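Asks: These protein sequence lines map, in sequence, to chains E and P. Per this note's numbering, the first sequence runs over residues 16 to 231. Per this note's numbering, the second sequence runs over residues 16 to 231. I have a structure here, written as structure tokens, and I will follow up with some questions on it.
Protein chains: 2
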Amino acid sequence: MPAAAYDIATSRPDAAPEFSPRQQVVLQHALTLLVEGGEKALTTAGLARTASCSKESLYKWFGDRDGLLAAVVAYQASQVQFPSEAGSTADAATFRTHVTAFVEALLGVLFSETSLALNRLSIGQSNTNSNRLGHLLLVRGKHMISSRARTMLESGRRHGLLKFDDAEDAYQVLYGLALRDVHIRLLLGETANAAEQDHKSQAETAVDRFYRLFGA
Amino acid sequence: MPAAAYDIATSRPDAAPEFSPRQQVVLQHALTLLVEGGEKALTTAGLARTASCSKESLYKWFGDRDGLLAAVVAYQASQVQFPSEAGSTADAATFRTHVTAFVEALLGVLFSETSLALNRLSIGQSNTNSNRLGHLLLVRGKHMISSRARTMLESGRRHGLLKFDDAEDAYQVLYGLALRDVHIRLLLGETANAAEQDHKSQAETAVDRFYRLFGA
DNA sequence: ATGGAACCGTACGGTACGGTTCGGTCGAGG
DNA sequence: CCTCGACCGAACCGTACCGTACGGTTCCAT
Numbered sequence: 016m017p018a019a020a021y022d023i024a025t026s027r028p029d030a031a032p033e034f035s036p037r038q039q040v041v042l043q044h045a046l047t048l049l050v051e052g053g054e055k056a057l058t059t060a061g062l063a064r065t066a067s068c069s070k071e072s073l074y075k076w077f078g079d080r081d082g083l084l085a086a087v088v089a090y091q092a093s094q095v096q097f098p099s100e101a102g103s104t105a106d107a108a109t110f111r112t113h114v115t116a117f118v119e120a121l122l123g124v125l126f127s128e129t130s131l132a133l134n135r136l137s138i139g140q141s142n143t144n145s146n147r148l149g150h151l152l153l154v155r156g157k158h159m160i161s162s163r164a165r166t167m168l169e170s171g172r173r174h175g176l177l178k179f180d181d182a183e184d185a186y187q188v189l190y191g192l193a194l195r196d197v198h199i200r201l202l203l204g205e206t207a208n209a210a211e212q213d214h215k216s217q218a219e220t221a222v223d224r225f226y227r228l229f230g231a
Numbered sequence: 016m017p018a019a020a021y022d023i024a025t026s027r028p029d030a031a032p033e034f035s036p037r038q039q040v041v042l043q044h045a046l047t048l049l050v051e052g053g054e055k056a057l058t059t060a061g062l063a064r065t066a067s068c069s070k071e072s073l074y075k076w077f078g079d080r081d082g083l084l085a086a087v088v089a090y091q092a093s094q095v096q097f098p099s100e101a102g103s104t105a106d107a108a109t110f111r112t113h114v115t116a117f118v119e120a121l122l123g124v125l126f127s128e129t130s131l132a133l134n135r136l137s138i139g140q141s142n143t144n145s146n147r148l149g150h151l152l153l154v155r156g157k158h159m160i161s162s163r164a165r166t167m168l169e170s171g172r173r174h175g176l177l178k179f180d181d182a183e184d185a186y187q188v189l190y191g192l193a194l195r196d197v198h199i200r201l202l203l204g205e206t207a208n209a210a211e212q213d214h215k216s217q218a219e220t221a222v223d224r225f226y227r228l229f230g231a
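Have a look at this one:
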């Protein structure tokens with residue numbers, strides 16, 4: 016019988032992937048291959064050779080190649096840890112520091128080579144099969160981040176530090192001010208210039224403009 | 016001898032592609048295939064069948080498959096016509112109308128299925144071969160648009176309607192305010208909701224926020 | 001009319017890769 | 001020691017597709 020592929024589509028989005036250590040090592044190798052050479056560089060034979068495992072094991076663990084790709088996405092998403100410093104919204108200065116740190120972390124994650132490689136992979140596959148990877152990346156990545164961002168912004172609003180109607184809308188503006196067109200340019204293969212690599216100052220100017228729009 | 020592939024990399028970025036009518040028809044078919052099924056759906060045999068031409072002609076015209084893809088990108092970029100209404104910067108109201116119209120046109124172009132398909136294609140190939148498609152899309156698409164936008168914004172600054180130091184920076188903020196994270200979500204396969212499909216009101220709110228940041 | 005260029009349709013070679021199968025190895029547990 | 005399960009390495013098959021070759025057709029210019 017066909018081994019069931021790693022069916023992440025029906026699993027709970029916040030459930031831990033629960034990969035065995037051996038599988039995590041293999042997935043890390045797969046991620047390296049993806050970052051280096053794109054999707055075409057990730058072949059089952061090549062991964063088996065690089066990770067010193069057999070193709071049989073790959074198919075046993077992940078079902079088929081799509082399952083492998085989905086597992087890679089899920090694995091990397093589980094590795095991303097965002098600073099959970101949204102707890103103490105003491106005064107205005109520290110809250111603004113939290114927002115700036117969040118934006119800086121956002122830039123650090125989204126502009127990393129692994130994130131770019133996975134976004135390229137998901138985007139390239141977004142109109143072939145039923146678009147599992149795109150949804151997977153959205154639900155395990157973006158939606159998690161935006162959810163956390165909304166709670167942070169709403170916390171600021173409760174404390175009278177921010178002023179907006181829709182938290183989702185406010186977050187999207189913050190996102191746009193931070194990323195502008197850099198993300199798409201990086202996805203297309205351009206390399207960020209010096210200023211764009213300074214995530215800290217980029218975050219500060221973005222938060223500055225955000226406060227001019229939504230500051231109380 | 017090997018037929019020279021359509022070498023767009025060394026051609027002048029603003030040079031007209033000069034495709035014959037027959038070739039344009041074939042490229043339009045290729046674009047349709049791309050929009051419908053992604054890169055995997057665009058095979059030389061499939062295109063020859065769909066466009067009722069021979070594979071031999073395809074290779075004669077475009078050199079190889081990469082040349083075909085590059086030609087599709089160049090062709091579509093040449094089709095995009097932006098409203099060139101940056102001429103008369105009469106008074107404040109009409110200038111703001113021009114900016115809003117520009118943003119609306121920008122949304123209309125970038126959110127079209129053809130643009131999304133070509134961006135997906137270029138992004139998916141951005142780390143395989145020497146990234147010709149990504150650079151091609153950037154230089155024939157984004158850079159043209161941003162160039163035009165900068166001249167428009169600088170015109171507004173000359174007339175004392177806007178206030179900024181770097182036109183490129185101001186344009187990027189306008190871009191971020193207009194697109195936010197919608198572009199990447201569409202690239203990943205999500206469908207825009209009702210509000211996001213109303214490019215006119217989206218452009219208005221983006222321009223409104225832009226003026227609150229850069230209005231004189 | 002005629003020669004040639006461009007083109008169409010098709011068939012074929014070569015290749016790369018996904019997926020399967022099989023024999024052999026290693027280590028844990030009875 | 002024997003068994004059993006997990007795994008590795010390698011060989012294998014089918015398929016899809018790129019690139020090319022070739023015969024036949026259309027069209028244009030001389």
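Built from N, CA and C at the ideal position, the CB exists for glycine as well. Predicted model only: the values in this text are computed from it and were never measured.
Taking 8 Å as the threshold (C-beta atoms), are H214 of chain E and L73 of chain E in contact?
Replies: Numbered from its first residue, the first sequence carries residue 73 of chain E at position 58. Numbered from its first residue, the first sequence carries residue 214 of chain E at position 199. No, these two residues do not count as a Cβ contact at 8 Å.
Asks: Residues in the stretch 180-198 of chain P with C-beta within 7 Å of chain E's C-beta atoms, listed in sequence order?
Replies: Those residues of the stretch 180-198 of chain P that come within reach of chain E (Cβ to Cβ, closer than 7 Å) are Q187, V188, Y190, G191, L192, L194, R195, D196 and H198.
Asks: So T143 of chain E contacts chain P; which residues on that side make the cut at Cβ distance below 9 Å?
Replies: To locate residue 143 of chain E, count along the first sequence from 1; it is residue 128. Result: G52, G53, E54, K55 and A56.
Asks: Alpha helix (DSSP H) containing H214 of chain E: first to last residue?
Replies: Position 199 of the first sequence, counting from 1, holds the residue named residue 214 of chain E. It spans H214 to F229 - the alpha helix (DSSP H) in which H214 of chain E sits, taken as one unbroken run.
Asks: Applying a beta-carbon distance threshold of less than 7 Å, which residues of chain E neighbour N146 of chain P?
Replies: Taking the second sequence and counting its residues from 1, the one referred to as residue 146 of chain P is at position 131. Residues of chain E passing the Cβ test: G204.
Asks: For chain P, is any of its Cβ atoms less than 8 Å away from the one on H150 of chain E?
Replies: Locating residue 150 of chain E in the first sequence gives position 135, where the first residue counts as 1. Closer than 8 Å: yes.
Asks: Who does L177 of chain E pair with in a DSSP beta bridge?
Replies: Start at 1 with the first residue of the first sequence, and residue 177 of chain E comes out as number 162. Bridge partners of L177 of chain E: E:G230.
Asks: Along the stretch 61-95 of chain E, what residues have a CB closer than 8 Å to any CB found in chain P?
Replies: Here the close residues number zero.
Asks: So, under 8 Å CB-CB, L176 of chain E and A107 of chain E are touching, yes? Tell me the CB distance rounded to an integer number of Å.
Replies: As a working mapping, residue 176 of chain E is identified with position 161 in the first sequence. As a working mapping, residue 107 of chain E is identified with position 92 in the first sequence. Between A107 of chain E and L176 of chain E the Cβ distance is about 5 Å, and since that is below 8 Å, they are a contact.
Asks: Between the alpha carbons of Q39 of chain P and L203 of chain E, how many angstroms are there, rounded?
Replies: Position 24 of the second sequence holds residue 39 of chain P. Position 188 of the first sequence holds residue 203 of chain E. If I take the Cα positions, the gap works out to 25 Å.
Asks: Using three-state DSSP, classify D81 of chain P as helix, strand or coil.
Replies: For the purposes of this step, residue 81 of chain P is identified with residue 66 of the second sequence, where counting begins at 1. Helix.
Asks: CB H153 of chain E to CB E54 of chain P, shorter than 8 Å?
Replies: Numbered from 1 along the first sequence, position 138 holds the residue referred to as residue 153 of chain E. Numbered from 1 along the second sequence, position 39 holds the residue referred to as residue 54 of chain P. Checking the sequence, you will find Leu at residue 153 of chain E rather than His. Going by C-beta atoms, L153 of chain E is not nearer than 8 Å to E54 of chain P.
Asks: Return the first residue and the last residue of the alpha helix (DSSP H) that D196 of chain E is part of.
Replies: For the purposes of this step, residue 196 of chain E is taken as residue 181 along the first sequence, with counting starting at 1. Looking at the DSSP string, D196 of chain E is not in any alpha helix (DSSP H), and its letter there is neither H nor E.
Asks: In three-state DSSP terms, what is D22 of chain P?
Replies: Within the second sequence, residue 22 of chain P is the residue found at index 7, counting from 1. Because D22 of chain P sits at a pLDDT of 47, beneath the cut-off of 50, its placement in the model cannot be relied upon, and the following sentence gives the value as read from the coordinates. Residue state, collapsed to three classes: coil.
Asks: Please state the DSSP three-state secondary structure of E33 of chain P.
Replies: As a working mapping, residue 33 of chain P is identified with position 18 in the second sequence. Three-state result, E33 of chain P: coil.
Asks: In chain order, what are the residue ranges of uninterrupted alpha helix (DSSP H) at least 4 long that sit wholly in the stretch 111-169 of chain E?
Replies: Listed in chain order, they are 128-139 and 147-152.
Asks: To the nearest angstrom, report how far apart A116 of chain P and N146 of chain E are at their CA atoms.
Replies: As a working mapping, residue 116 of chain P is identified with position 101 in the second sequence. As a working mapping, residue 146 of chain E is identified with position 131 in the first sequence. One C-alpha to the other measures close to 33 Å.
Asks: If we count the other Cβ atoms within 10 Å of its Cβ and call it buried at 16 or more, is A31 of chain E buried or exposed?
Replies: By 1-based counting over the first sequence, the position of residue 31 of chain E is 16. Its pLDDT being 49, under 50, A31 of chain E is placed unreliably by the model, and nothing is read from it.
Asks: For V124 of chain E, which residues from the same chain have a beta carbon less than 7 Å from its beta carbon, with the 5 sequence-adjacent residues on both sides left out?
Replies: Position 109 of the first sequence, counted from the first residue, corresponds to residue 124 of chain E. Closer than 7 Å at Cβ, skipping near neighbours: V95 and S130.
Asks: For S137 of chain P, return the contacting residues in chain E, with the cut-off set at a CB-CB distance below 7 Å.
Replies: The sequence position of residue 137 of chain P within the second sequence is 122, counting from 1. Per Cβ cutoff of 7 Å: L203.
Asks: Taking its Cβ as the centre, do 16 or more other Cβ atoms sit within 10 Å of R27 of chain P, making it buried, or is it exposed?
Replies: As a working mapping, residue 27 of chain P is identified with position 12 in the second sequence. Residue confidence is low: R27 of chain P scores 42 on pLDDT, short of 50, so the model does not pin down where it sits. Its coordinate-derived value is still stated next. Burial call: exposed.
Asks: Q140 of chain E: which of P:T143, P:A221, P:R135 and P:S141 sits nearest, CA to CA?
Replies: Your numbering for residue 140 of chain E matches position 125 in the first sequence. For the residues P:T143, P:A221, P:R135 and P:S141, the minimum Cα distance to Q140 of chain E belongs to P:R135.
Asks: Got a sec? Which residues, its chain only, sit under 6 Å from L83 of chain E by beta carbon, not counting five neighbours each side?
Replies: The count along the first sequence starts at 1 and reaches residue 83 of chain E at position 68. Answer for L83 of chain E: F77, listed in chain order.
Asks: I'd like to check one pair, L194 of chain P with A182 of chain P: are the Cβ atoms closer than 8 Å?
Replies: As a working note, residue 182 of chain P is residue 167 in the second sequence. As a working note, residue 194 of chain P is residue 179 in the second sequence. No, the pair does not count as a contact, with Cβ atoms beyond the cut-off.
Asks: Run down chain E in chain order and give the residues with a C-beta less than 9 Å from the C-beta of R227 of chain P.
Replies: Your numbering for residue 227 of chain P matches position 212 in the second sequence. In chain order: R227 and L228.
Asks: Flag this pair as yes or no: are the beta carbons of L48 of chain P and T65 of chain P separated by less than 8 Å?
Replies: As a working mapping, residue 48 of chain P is identified with position 33 in the second sequence. As a working mapping, residue 65 of chain P is identified with position 50 in the second sequence. In contact: L48 of chain P and T65 of chain P (Cβ atoms closer than 8 Å).
Asks: Determine the direct distance from the alpha carbon of N142 of chain E to that of A221 of chain E, and round the result to whole angstroms.
Replies: Walking along the first sequence from the start, residue 221 of chain E turns up at place 206. Walking along the first sequence from the start, residue 142 of chain E turns up at place 127. Spanning the two alpha carbons is a distance of roughly 33 Å.
Asks: Nearest chain E C-beta to L153 of chain P closer than 8 Å, yes or no?
Replies: The count along the second sequence starts at 1 and reaches residue 153 of chain P at position 138. So, interface residue.
Asks: With a cut-off of 8 Å, does the C-beta of R165 of chain P fall near any C-beta of chain E?
Replies: As a first step, residue 165 of chain P is located in the second sequence; it is residue number 150 there, counting from the start. Not an interface residue.
Asks: Among the residues of its own chain, which have a CB less than 7 Å from the CB of A231 of chain E, if the five just before and after it don't count?
Replies: Working through the first sequence from its first residue, we reach residue 231 of chain E at position 216. Counting only Cβ-Cβ distances below 7 Å, and skipping sequence neighbours, we find G175, L176, L177 and K178.
Asks: May I have the straight-line CA-CA distance separating I23 of chain P from A45 of chain E, to the nearest angstrom?
Replies: Here residue 23 of chain P refers to the residue found at position 8 when the second sequence is read from its first residue. Here residue 45 of chain E refers to the residue found at position 30 when the first sequence is read from its first residue. Confidence at I23 of chain P is low in this model, with a pLDDT of 45, below 50, so the placement of that residue should be treated as unreliable; the coordinate-derived value is given next. Distance between the alpha carbons of I23 of chain P and A45 of chain E is about 33 Å.
Asks: Taking the straight line between their C-alpha atoms, what separation do you get for V114 of chain E and F225 of chain E?
Replies: Position 99 of the first sequence, counted from the start, is the residue given in the question as residue 114 of chain E. Position 210 of the first sequence, counted from the start, is the residue given in the question as residue 225 of chain E. Straight-line Cα distance between these residues: approximately 10 Å.
Asks: So the candidates are P:S35, P:Y186 and P:R37; which of them puts its Cα closest to the Cα of V118 of chain P?
Replies: Against the second sequence, residue 118 of chain P aligns to sequence position 103. If we check each option's Cα against that of V118 of chain P, P:Y186 comes out closest.
Asks: One question on the structure: do H198 of chain P and I199 of chain E come within less than 8 Å of each other, judged by their Cβ atoms?
Replies: Here the question's residue 198 of chain P lines up with position 183 in the second sequence. Here the question's residue 199 of chain E lines up with position 184 in the first sequence. In this structure, I199 of chain E lies closer than 8 Å to H198 of chain P by Cβ.
Asks: If we ignore side chains and look at the alpha-carbon of each, how far apart do Q43 of chain P and A86 of chain E end up?
Replies: Numbered from its first residue, the second sequence carries residue 43 of chain P at position 28. Numbered from its first residue, the first sequence carries residue 86 of chain E at position 71. Using only the alpha carbons, I get a separation of about 37 Å.
Asks: Considering only C-alpha positions, which residue in the set E:D184, E:A210 and E:D196 is nearest to F229 of chain E?
Replies: Here residue 229 of chain E corresponds to residue number 214 of the first sequence, with the count starting at 1. Closest by alpha carbon: E:D184.
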